[in-house]
Each structure stands twice: as C-alpha cells, then as structure tokens.
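Trainee: Residue numbers (the numbering used here), protein chains in the order written: chain W, 6 to 298; chain Z, 6 to 298; chain P, 6 to 298; chain S, 6 to 298. Starting off with a structure, shown below.
4 protein chains.
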Amino acid sequence: MDSTTTEPAEQSLATVLAEIHADLLNERSGEVANYIPELARVDPDSFGIGVVAVDGRSLAVGDAELPFTIQSASKPFVYGMAVEEHSRDGVLAKIGVQPVEEAFNAIALDEATNRPFNPMINAGAIAATDLLGGDTAEDRLARLLAVFERGCGHPVEVDEQVFASERATGERDRALAHLMRSFGMISDRLEETLELYFRQCSIKVTCRDLAVLGATLANQGVNPITRQRMLSASTVRDVLSVMHACGMYNFSGEWDLRIGIPAKSGVGGGIVGAIPGLGGIATFSPRLDASLR
Amino acid sequence: MDSTTTEPAEQSLATVLAEIHADLLNERSGEVANYIPELARVDPDSFGIGVVAVDGRSLAVGDAELPFTIQSASKPFVYGMAVEEHSRDGVLAKIGVQPVEEAFNAIALDEATNRPFNPMINAGAIAATDLLGGDTAEDRLARLLAVFERGCGHPVEVDEQVFASERATGERDRALAHLMRSFGMISDRLEETLELYFRQCSIKVTCRDLAVLGATLANQGVNPITRQRMLSASTVRDVLSVMHACGMYNFSGEWDLRIGIPAKSGVGGGIVGAIPGLGGIATFSPRLDASLR
Amino acid sequence: MDSTTTEPAEQSLATVLAEIHADLLNERSGEVANYIPELARVDPDSFGIGVVAVDGRSLAVGDAELPFTIQSASKPFVYGMAVEEHSRDGVLAKIGVQPVEEAFNAIALDEATNRPFNPMINAGAIAATDLLGGDTAEDRLARLLAVFERGCGHPVEVDEQVFASERATGERDRALAHLMRSFGMISDRLEETLELYFRQCSIKVTCRDLAVLGATLANQGVNPITRQRMLSASTVRDVLSVMHACGMYNFSGEWDLRIGIPAKSGVGGGIVGAIPGLGGIATFSPRLDASLR
Amino acid sequence: MDSTTTEPAEQSLATVLAEIHADLLNERSGEVANYIPELARVDPDSFGIGVVAVDGRSLAVGDAELPFTIQSASKPFVYGMAVEEHSRDGVLAKIGVQPVEEAFNAIALDEATNRPFNPMINAGAIAATDLLGGDTAEDRLARLLAVFERGCGHPVEVDEQVFASERATGERDRALAHLMRSFGMISDRLEETLELYFRQCSIKVTCRDLAVLGATLANQGVNPITRQRMLSASTVRDVLSVMHACGMYNFSGEWDLRIGIPAKSGVGGGIVGAIPGLGGIATFSPRLDASLR
C-alpha cells in the first residue's frame with residue numbers, strides 16, 4: 006500500500022464534493038456585497054469548497070486558492086482571543102451571547118446591560134476587538150495576525166486597499182463604537198480599535214485557509230496540519246457555542262435546523278464551519294443571501 | 006448485596022445528584038410566577054431533579070413526584086406534533102426558528118414574513134398549537150394528550166383550575182393570537198386554539214415525567230422506559246434544534262454557553278433537558294429567574 | 006341683484022373653492038383603502054370640499070352630499086365624549102396625548118405607563134370608546150349617536166354592511182384591545198367596546214356633515230347652524246390639541262408645518278379640519294396617501 | 006400722568022408673575038442634569054421667570070440674570086437658520102418634522118427616509134447644525150453667534166468649559182452623527198459640525214435673554230427691543246410649528262394640552278416659549294423632569 010494513496014472513504018468524499026460543486030456551480034442567486042467598491046470587484050461566479058479533517062487530510066474543489074478578505078468570518082477567532090485574554094465572564098461583562106432577530110449591523114444594545122447582544126454581529130465584534138490588549142496599535146495588530154497565522158498555518162496579511170475602503174466607509178460601525186463608548190462598554194482607544202477591526206476584516210484568506218481554520222476549531226484549537234495551537238480547548242468550546250447560536254446572523258436558527266454545523270459567514274463570500282471532532286468545512290462564493298449582506 | 010444493585014457509575018451519579026440537590030436546596034433567589042393565583046400557590050422551596058438514561062434507568066432526588074403544570078415545557082413537543090403533521094417546511098411557512106433577544110411574550114412578528122420568530126416564545130407556540138388538526142376541540146385535545154401520554158408513559162390530565170385561570174387572564178396571548186390572525190398566520194379557530202393552548206400549558210406533570218420526556222427526545226423520540234414512540238426521529242432532530250436555539254428565551258445563548266444542553270423551561274417551575282444519545286434531565290423549582298417569568 | 010345675494014368676500018371664497026376643486030379634480034395619486042371590500046366599492050374619483058363658518062354660512066363644491074363612513078374622523082369627537090365623562094386627567098390616566106412616528110395601527114403601548122400613545126391612533130381610540138359609559142351596548146351606542154347627531158345637525162346612522170365587515174376583519178384592532186386589557190387599560194367589556202368602535206367608524210356622513218362637525222369644534226363646541234352644543238368649550242380645547250398634534254398620524258408634524266389646521270383623517274376618504282373662531286373645513290376623496298391608509 | 010408709570014395691566018402681570026414665582030420657589034422635584042460635571046455645578050434651586058412683550062416691554066422675577074448654557078433651547082433658532090439657508094423643502098429632505106414618543110437622544114432614524122425624525126431631538130438638531138454653511142469652522146460659528154446676538158440684543162459667547170465637557174463626553178451625539186453620515190444625511194464635516202453643535206449648546210444666556218428670544222419668535226422674527234431682525238417671518242412660522250409639535254420631546258403632546266405655548270427646553274434649565282403676536286416667556290430652573298434630561 007502506497008503511503009500517498011487516499012483512503013476509499015476519502016475518495017468518495019472527493020467525489021461527493023465534486024458533485025456538489027458541479028451541481029451548484031450554475032446557481033446564480035444572491036448578490037455580491039457592494040458597499041465598498043473593492044468587494045464588488047470579485048468575480049461573482051467564483052466558487053470553491055474546502056474540507057480539512059482533524060487528522061490533517063484535506064480536500065478542495067473549485068476556487069479554493071483564490072484570495073478574498075475574511076470579513077466577519079474573523080469574528081469567532083477574535084472573540085476567542087478576547088476570551089483567552091479576559092476569561093469567559095470577563096468578556097460576558099462586555100458582550101452578550103444572545104442571538105437576535107435583527108440584522109448584523111443593527112444599532113442596538115441590550116437595554117438592561119448596555120452590552121451588544123453577541124460577538125457575531127458588528128457591535129459585539131467591535132467590542133471583542135476592543136478587548137485585545139497591546140501597548141500600541143502595531144502590537145495589537147501583530148498579536149491578532151499571529152493568532153490567524155497559527156490558525157491558517159502560514160503568515161497572513163491585510164488587504165490594504167480593502168482596509169482603506171472599509172475605514173473610509175465604515176460610518177455605521179463607527180456609530181456603533183461611539184454608542185458603546187457612550188455606555189463605557191468599550192475603551193477610549195475607539196479609533197484605534199476600529200482600525201484594528203477593519204484590518205481584521207481585511208485579512209486575506211483562501212477557501213482552503215478557512216477550512217483549516219474550521220478544522221482548528223473542530224480539533225479543539227490545534228491546527229491539524231501544523232499541530233500548532235491557535236486557541237485553548239475551553240475557549241474553542243465558547244467559540245463554537247456562539248458560532249452555533251449566532252454565526253449566521255438572523256438566519257442562525259434556520260441554519261441550525263437545516264445545516265446544523267456551527268458556522269460563520271463573511272461578506273467577502275467565505276463561510277467557515279466546524280464539525281467538532283471531525284473537521285472543518287469552508288465555502289467561498291461571493292453571491293450572498295440577503296441576510297448575510 | 007443482590008444482583009439488582011445499580012452499577013458503580015450510576016451510584017456515583019446518584020451521589021452527585023444528591024450533592025447538587027443538597028447544595029442548591031437553600032438557594033432562595035428567583036421568584037414564583039404569580040400572574041395567575043394558582044401558580045402562586047405552590048411551595049416556592051420545592052426542588053427536585055430527575056434523570057432518565059436512554060437505556061431506561063432513572064434517578065430522582067427531592068420533590069420529583071410533586072405534580073405541577075408543564076406550561077411552556079410543553080412547547081417543544083407540540084412543535085414536534087405540528088412538524089409531524091405539516092412537515093418541517095409546512096411549519097416553517099408559519100413559524101420561524103430564529104432566537105430573539107426579546108421576552109417570551111413579546112408582541113412582535115417578523116416584519117418580512119409576519120411569522121412569529123420561533124415556536125418557543127408564546128406567539129410561535131400558539132401558532133404551533135393552531136396547526137394541530139382535528140375535527141373538534143375535543144379531538145384536538147385528545148390527540149395532544151395522547152402524544153404526551155406516550156412521552157410520559159402514563160395518561161396525563163389537565164389541571165382544570167389552572168386552565169380556567171390561564172384562560173381568564175390570558176389577554177396577552179389572546180392579543181398575540183389576534184395579531185397573527187390579522188396576518189392570516191393562524192386559522193379562524195382562534196378561540197378554540199387558545200383554549201387548547203391553555204390546556205396544553207395546564208397539563209400536570211412531575212419532575213420525573215419531564216425527565217422521561219427529555220429522555221424520549223434524547224432517545225430519538227422513543228420513550229426509553231415504555232419503548233413507545235412519541236415523535237419520529239427526524240422530528241426530534243428539529244425539536245432539539247429549536248430547544249437548543251430558543252428554549253430558554255433570551256437567555257438561550259448564555260444557557261448554551263454555560264450549560265450546553267437543549268432545554269425548555271416552564272413558568273410552573275419545570276425545566277426539561279435532553280442530551281442526545283445519553284438521556285433526559287429535568288428540574289423542578291418554582292423560583293424563576295427574571296428571564297423565565 | 007337682490008338683498009339675499011351673498012357678500013363679495015363669500016363669493017370670492019366660493020370662487021376660490023371652485024378653482025381649487027377644479028385644479029385637483031384630475032389628481033389621481035393615492036389609493037382607495039381596500040382592507041375591507043365595502044371601502045373599495047367607492048368611486049375613487051369622488052371629490053368634495055365643504056366649508057362652514059362659525060356664523061353658520063356654508064359653501065360646498067363637488068361631491069359634498071355623497072355619503073361615506075366617517076371612520077377615524079370620528080376619533081376626536083369620541084375622545085371629547087370621554088373627556089366630558091371622565092375629565093381630562095381621568096382620560097389621561099388611560100390614554101396619552103403624545104404624537105408618534107409609528108403608523109396608526111401600531112401594536113405598541115407606552116412602556117412606562119402601558120397607555121396607548123394618543124387617542125387618534127387605533128389603540129387610543131379604542132380606549133376612548135371603552136370609556137363611554139352606559140348600562141348596555143345599546144345605551145352606549147345611543148349616547149354616541151346622539152352626540153354625533155348634535156354635531157351634524159341631523160340624525161346619523163351606522164352603515165351596517167361596513168360595520169359587519171369591520172367587525173369581521175378587525176383582528177388587528179382586536180389584538181390591540183386584548184393587549185390593552187392585559188394591562189388593565191380597558192374594561193372587561195372588550196368585545197362590546199370593539200363593536201361600538203366599529204359602529205362608530207361606520208357612521209355615515211357627507212363632506213358637508215364633516216364641515217359642520219369641524220365648524221362645531223371651531224365654534225367652541227356649538228353647532229353653528231343648529232346652535233346645539235355638541236361638546237363643552239373646554240373639551241373642545243383638548244380635542245383640538247390632540248387633533249393638532251396627532252390627527253394626521255405620523256404625517257401630523259408635516260401637516261402642521263404645511264397646512265397648520267388641526268384636522269383628522271378617516272380611511273373612508275374624509276378629512277375634518279377646524280380653524281378656531283373661523284370655521285370648519287372638510288374634504289372627501291377616497292384616494293389616500295400611504296400614511297393615512 | 007408720569008410717562009414712566011407702568012400700565013395697570015402690566016402691574017398686574019408683574020404681581021401675577023411674582024406670585025407664581027413665590028408659589029413655585031419651594032418646589033424641589035426634578036433633578037439637575039449631571040451627565041457633564043459643569044452642568045451639575047449650578048445651584049439647583051435657582052429659579053427665574055422672564056416675560057417680554059412684542060412691544061418691547063419686559064418683566065422678570067427671580068434669577069433672571071443668572072447665566073447658564075442654552076443647550077437644546079438653541080435648536081429652534083438653528084433650525085431656523087438652516088431653513089433660511091436651504092429653504093423649508095431643502096431642510097425637509099434632511100430632517101423630518103414628526104414628533105416621536107422616544108427620548109431626545111434616541112438612536113433612531115426614519116426607516117423610510119433615513120432622516121432624523123425632527124430637529125428638536127439631538128439627531129435632527131445635529132443635522133440642522135450641519136446645514137449651516139461657511140468656509141471654515143470659524144466662519145460657521147461666527148454666523149451662528151451673530152444670529153443669536155441679533156436675537157438676544159447683545160453679543161453672546163460660548164462657555165468654553167461646558168463646551169470642552171460636552172465635546173469630551175458627547176459619544177452618543179457622535180454615534181448619531183456617524184449613523185446619519187452612514188446614510189449620507191449629513192456632510193463629511195462631521196467632527197466640525199459636532200464641535201459647532203457642542204458650542205451652540207454651550208452659548209451662555211440668561212432667563213431674560215431667552216424671553217427676548219421667545220419674544221423675537223412671537224414678533225415674527227424681529228427682536229422687539231432692538232428692532233433687529235433675527236429670522237424671517239416665514240422661517241419663524243416653521244420654527245414655531247416644530248417647537249409646538251416637538252419642542253418638549255416626548256412630553257410635547259401633554260405640554261400642548263396643558264400649557265399650549267410653543268416652547269423648547271434646554272438641559273441647562275432654561276425653557277423658551279413664544280406666544281405669537283403677544284410675547285415671549287422664559288423660565289430658568291435647573292431641576293428637570295425625567296422627560297427633559
């Protein structure tokens with residue numbers, strides 16, 4: 006038996022993935038997010054699927070190596086970083102974990118606690134980014150990129166054009182940040198945090214990267230290919246809980262009913278999913294349903 | 006020591022349960038729901054825990070045989086009945102599955118679809134009850150009670166005094182029903198459905214019953230003691246999904262983070278939980294947190 | 006030219022009215038309310054204007070004698086009846102006077118007080134009708150019709166077909182009533198009150214009637230033609246205040262800015278306005294702007 | 006008859022004012038706004054009343070010469086400036102005129118138009134300030150101060166300490182500005198506009214000044230003492246309309262019912278009112294009702 010030979014079960018998964026990819030390739034519903042010109046420049050018909058098992062084996066089909074910006078698919082990982090730095094309860098004091106029926110960019114905080122409802126919507130994600138420590142903006146960014154590097158298995162970088170666009174047009178996120186600041190829910194490093202958040206959203210990944218990131222969550226925080234730890238196992242438990250409950254915004258409930266895999270979408274077209282103990286799965290398709298853009 | 010002795014692991018679970026019960030027995034926070042006098046008549050310090058494994062073994066500690074009304078802990082099962090009768094998509098056309106940040110009795114429907122947000126809040130639960138077929142009110146009640154009888158393993162009955170009180174004071178639920186009716190989301194058997202809903206909420210159960218009901222969900226719909234099927238396996242999958250996402254109202258997200266067991270509370274003091282493949286767990290304590298009353 | 010000739014100023018007003026009528030006659034924007042079939046049966050192009058001065062002189066142009074149902078244009082007068090029976094503060098305990106940005110049929114009460122926001126939106130109007138006393142439904146209706154008879158200067162009657170339709174389709178109003186009942190803001194004569202409210206909305210009037218009703222408000226409560234008192238002068242002051250602030254629903258602010266006359270619209274197509282000390286003005290046109298239907 | 010003798014009617018008004026002042030002097034309900042330390046430094050028991058007739062005669066009682074910051078009582082006048090510069094419809098395209106049931110600092114825009122609901126709440130007031138033209142921040146401030154100088158009859162200045170505090174703590178207003186900016190409802194001079202707004206709120210006035218400003222509105226825009234025009238007559242009509250409808254926030258409806266004078270409150274303790282054709286009236290009392298702070 007040749008050691009490079011794939012197992013029968015894996016071959017069949019490759020076949021299944023290829024079939025799914027072929028079936029969906031001509032699906033043209035959904036629209037590319039266009040609130041910043043850079044996002045609209047993508048080929049709307051790009052489509053890739055990646056799967057990475059907790060034992061490190063991986064499969065990909067279609068546009069799995071095409072780079073795009075991670076956008077909101079970064080949120081679970083940054084939430085995890087906040088939990089590692091401040092503990093579950095420390096973060097819960099600032100960010101709830103309750104899914105909501107409102108859109109991802111809702112201008113609303115929990116009236117009883119002034120917290121953003123959860124870390125998967127923009128308000129809570131900005132609050133999570135705000136919790137990332139570091140003496141300077143550069144330190145904070147370096148720490149954040151280092152964690153994504155461990156998760157992806159290679160250095161990651163920010164798409165500076167997308168970042169510049171996000172920063173220039175991010176007035177609604179800025180409104181959310183000032184609203185949270187008015188309640189003391191985020192620090193006075195508000196502009197720095199917003200820049201860091203926009204940079205975090207502008208990290209370039211591929212569909213394969215997202216699948217590895219998903220597999221890292223499925224593998225209790227350890228990148229199954231590099232064997233590097235990205236997040237602690239207990240943190241990953243919390244991350245998966247909020248992905249499960251809130252990852253697909255106000256479609257999360259129906260996603261759980263129909264799909265059942267904890268997942269997080271990004272407006273760039275990526276979705277990262279994690280099946281605990283089995284592996285990660287990711288898709289890339291810039292055509293988005295209304296609830297995700 | 007004879008051959009009927011329980012296994013060491015089980016003994017230790019009994020010990021653990023007894024310790025938990027003893028630890029919490031003096032916990033006096035929370036308040037008894039008092040919106041109807043009958044609910045307020047319960048001993049606030051009653052406290053029971055029940056556990057039933059999918060192999061049928063069971064344990065109980067404290068006030069596990071004390072009857073109380075099931076209230077909202079009935080909702081997952083009636084949702085399951087609606088799914089069995091109308092299919093997942095048939096029910097989804099009338100009732101969403103999105104958790105919300107609002108209270109259980111929120112007067113709000115999804116603006117895009119006019120659906121109640123999910124079947125665990127009152128609006129959605131009334132809509133689920135409305136979907137239960139039957140030529141007459143008696144037929145519908147008989148069918149509903151028969152399902153609970155299969156789930157509990159014995160005939161169940163309605164507490165007529167609590168029912169009368171619920172009906173007399175249920176103006177907010179009545180408002181919800183008329184609001185849904187104004188959008189055509191429920192049938193014109195509105196008063197009949199409300200009566201059926203109030204009766205469903207007034208079914209008398211014990212903590213042990215709730216544990217068996219939870220174990221039935223954990224056992225893919227088959228009561229592990231009587232081996233009678235209550236709901237189909239595919240229906241149970243949907244029921245567990247909505248319990249997971251929405252069962253503890255706007256505390257569901259934090260419940261999932263901290264506890265992680267799909268569960269449903271009732272204002273009568275019962276909570277039913279199900280750990281798929283393992284068993285059911287139930288607690289009875291009339292002192293309720295603010296988010297549950 | 007004889008002594009019965011109208012005065013020059015009045016002639017010129019007649020000319021102005023005729024010109025305005027001619028100018029607007031071909032205006033085809035807006036839509037007829039069609040939530041009940043009876044309302045949709047009207048000729049959408051009917052158009053009348055009526056003016057009645059506080060000295061009793063009157064003018065009319067176009068379809069000023071065509072009967073239609075008064076609908077929400079009844080609300081100011083019933084609010085006045087409630088104020089006369091329970092005093093300003095007695096009514097304020099149950100119904101606010103704050104204009105809102107929401108639609109006329111909003112399912113919302115003031116969270117601090119559980120009151121409907123004002124008596125011109127449906128919730129507050131139902132609460133006002135609820136305050137009308139009487140031993141029986143018949144008594145209450147008779148009293149209500151008597152007041153409108155004094156205001157119009159002739160007996161008025163209910164359009165029974167429209168009433169039946171309103172009652173059959175009034176689920177949203179019924180939801181509002183039960184919601185208010187759940188807070189104890191209306192009496193337990195809920196169905197009776199709703200019937201009375203639907204009858205009040207179904208009173209048949211003409212554009213000329215509405216102008217007389219407006220003139221009665223402009224004349225401190227005394228019908229300027231019959232010299233009969235409809236409402237006390239102090240009550241009229243309150244009625245005009247809420248018409249001014251809330252009479253045109255969430256267009257009230259812009260109406261005041263552009264038109265400046267306290268007025269109340271009805272979904273049947275009538276608008277009643279009052280210029281204190283000068284006279285009443287009414288229009289009838291079933292084509293409604295979006296904010297009024 | 007000595008020409009300096011006051012008229013009998015005026016003497017009696019002086020007596021009445023003195024009596025009212027004496028009656029209310031010991032009223033201790035309400036609380037001083039304390040969201041910025043500078044506001045909390047005022048003597049809570051200060052109390053003044055000023056009246057200025059359209060013929061220029063004036064009366065004052067109590068602390069009518071004590072300086073305080075004008076705060077939101079500046080809003081009607083700045084709205085007037087915006088109307089003069091951009092016309093009624095030009096301003097209506099950016100700022101509605103609909104009173105709301107929400108608080109003055111509500112984070113909400115009209116969903117249909119993205120406009121702030123009215124220019125008396127913070128969002129709309131910031132949008133009005135944004136409309137003030139000028140090449141530089143200094144120009145805009147100079148123009149604004151010049152208009153208030155004409156209205157007060159003497160140069161006015163900004164309380165720099167209060168301004169610095171407002172700017173430092175104005176995160177909620179900043180959130181509103183960014184939210185409006187995200188919809189393109191305000192210009193990209195956002196920070197400059199916010200500074201101008203905070204300065205406008207920090208203009209020092211006395212109760213007597215506010216009475217003169219009210220009398221200027223009552224006098225169709227001409228300061229009745231200096232005879233200088235502050236705003237055009239047609240602008241004043243619009244200003245009075247929005248004061249009438251929205252000036253006392255979500256108490257505006259009840260204010261109109263009970264008081265009936267178009268008025269605007271400021272969190273510094275001043276209230277300016279205008280009785281068209283008669284005169285202005287102002288009060289100063291830092292103890293505020295809940296709806297005004």
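C-beta atoms are modelled at their ideal positions from N, C-alpha and C, and glycine is treated no differently.
Does DSSP put Ser8/W in a helix, a strand or coil?
Mentor: Below a pLDDT of 50, predicted positions are generally treated as unreliable, and Ser8/W, at 42, falls in that range; the measurement from the model is reported next regardless. Three-state result, Ser8/W: coil.
Trainee: In whole angstroms, give me the CA-to-CA distance for Gly175/W and Thr231/Z.
Mentor: The alpha-carbon atoms of Gly175/W and Thr231/Z are separated by roughly 59 Å.
Trainee: For the beta strand (DSSP E) containing Ser270/P, list its first residue and its last residue.
Mentor: Going by DSSP, Ser270/P is part of the beta strand (DSSP E) stretching over Ala268 to Ser270.
Trainee: Determine, using beta carbons only, whether Leu136/Z and Ala87/Z come nearer to each other than 9 Å.
Mentor: yes
Trainee: Residues in the stretch 238-259 of chain Z with C-beta within 9 Å of chain W's C-beta atoms, listed in sequence order?
Mentor: Arg242, Asp243, Ser246, Val247, His249, Ala250, Cys251, Asn255, Phe256, Ser257, Gly258 and Glu259
Trainee: Roughly how many angstroms separate the alpha carbons of Asp68/S and Met253/W, rounded to a whole number?
Mentor: 59 Å
Trainee: Quick test of the definition: if touching needs 3 or more C-beta pairs under 8 Å, does the stretch 272-290 of chain S touch the stretch 213-221 of chain S?
Mentor: yes
Trainee: For Ala287/W, which residues from the same chain have a beta carbon less than 6 Å from its beta carbon, with the 5 sequence-adjacent residues on both sides left out?
Mentor: Gly55, Cys212, Leu215, Ala216, Gly219 and Val277
Trainee: Just the Cα atoms here: how many angstroms apart are Glu259/P and Phe109/W?
Mentor: In this structure, the straight-line span from the alpha carbon of Glu259/P to that of Phe109/W is close to 33 Å.
Trainee: Please report the straight-line C-alpha distance between His91/P and Asn123/P, rounded to a whole angstrom.
Mentor: 16 Å
Trainee: Quick check: the stretch 289-298 of chain Z against the stretch 133-148 of chain Z, are there 3 or more CB pairs under 8 Å?
Mentor: These segments do not touch.
Trainee: By how many angstroms is the C-alpha of Arg204/Z removed from the C-alpha of Gly285/P?
Mentor: 55 Å
Trainee: In this structure, does DSSP put Val59/S in helix, strand or coil?
Mentor: coil
Trainee: Grouping DSSP H, G and I as helix and E and B as strand, with all else coil, what is Thr198/S?
Mentor: helix
Trainee: With DSSP collapsed to three states, give me the class of Thr74/W.
Mentor: strand
Trainee: I'd like the list of long-range same chain contacts for Gln166/W, defined as Cβ closer than 7 Å, with 5 residues on each side in sequence excluded.
Mentor: Glu43
Trainee: Short of 6 Å in beta carbon distance, which residues of its chain neighbour Val21/P, apart from the five on each side in sequence? Order them along the chain.
Mentor: none
Trainee: Are Glu107/Z and Ile131/Z closer than 9 Å when you measure CB to CB?
Mentor: Judged by their CB atoms, Glu107/Z and Ile131/Z are not nearer to each other than the 9 Å cut-off.
Trainee: Under 9 Å between C-beta atoms, does Asp294/P make it to chain S?
Mentor: no
Trainee: To the nearest angstrom, how far is the alpha carbon of Pro81/Z from that of Phe153/Z?
Mentor: Each residue's Cα considered, the two are about 11 Å apart.
Trainee: Considering Cα atoms alone, identify which of Ile208/Z, Ile75/Z, Leu262/Z and Cys157/Z is closest to Gly273/Z.
Mentor: Ile75/Z
Trainee: Roughly how many angstroms lie between the CA atoms of Asn31/Z and Ile25/Z, to the nearest whole one?
Mentor: 11 Å
Trainee: Between the C-alpha atoms of Arg317/S and Asn119/S, what's the straight-line distance to the nearest angstrom?
Mentor: Past the edges of chain S, shown from 6 to 298, lies residue 317/S, and the structure says nothing about it.
Trainee: Near Leu195/S, what residues of its chain come up, given a Cβ to Cβ distance below 6 Å and the 5 sequence neighbours on each side ignored?
Mentor: Excluding residues within five positions, the ones whose Cβ falls inside 6 Å are Ala182 and Arg186.
Trainee: Have a look at Leu283/S and Ile264/S and give me their C-alpha separation to the nearest angstrom.
Mentor: 15 Å
Trainee: Which chain W residues are close to Glu154/S, counting only those with a beta carbon under 7 Å from its beta carbon?
Mentor: Chain W residues near Glu154/S: none, gap ~32 Å exceeds 7 Å.
Trainee: Note down the Cα distance separating Gly158/W from Leu222/W, rounded to an integer number of angstroms.
Mentor: 13 Å
Trainee: Taking DSSP's pairing of strands, which residues face Arg234/S in a bridge?
Mentor: Val227/S
Trainee: Would you mind telling me which residues of chain P sit closer than 7 Å to Ala176/Z, beta carbon to beta carbon, in chain order?
Mentor: A small correction: the amino acid at residue 176/Z is Glu; Ala does not occupy that position in the sequence shown. Chain P residues near Glu176/Z: His183, Arg186 and Ser187.
Trainee: Please return the same chain residues whose Cβ sits closer than 7 Å to the Cβ of Gly61/P, not counting the five positions on each side in sequence.
Mentor: Pro229 and Ile230
Trainee: If you drop the 5 nearest sequence neighbours on each side, which residues of the same chain put their C-beta closer than 7 Å to that of Met190/S?
Mentor: Lys99, Asn119, Arg120 and Ala132
Trainee: Considering Cα atoms alone, identify which of Gly85/S, Ser51/S and Arg179/S is closest to Phe73/S.
Mentor: Ser51/S
Trainee: Could you tell me if Ser257/S is buried or exposed, where buried requires 16 or more neighbouring beta carbons within 10 angstroms of its beta carbon?
Mentor: buried
Trainee: So what's Glu36/S in DSSP terms, helix, strand or just coil?
Mentor: strand
Trainee: Anyone know if the C-beta pair for Met235/S and Val227/S falls short of 9 Å?
Mentor: Their beta carbons are under 9 Å apart, which means Met235/S touches Val227/S by this criterion.
Trainee: Between Ala113/P and chain Z, is any beta-carbon pair separated by less than 9 Å?
Mentor: It does: the Cβ of Ala113/P has a partner Cβ on chain Z nearer than 9 Å.
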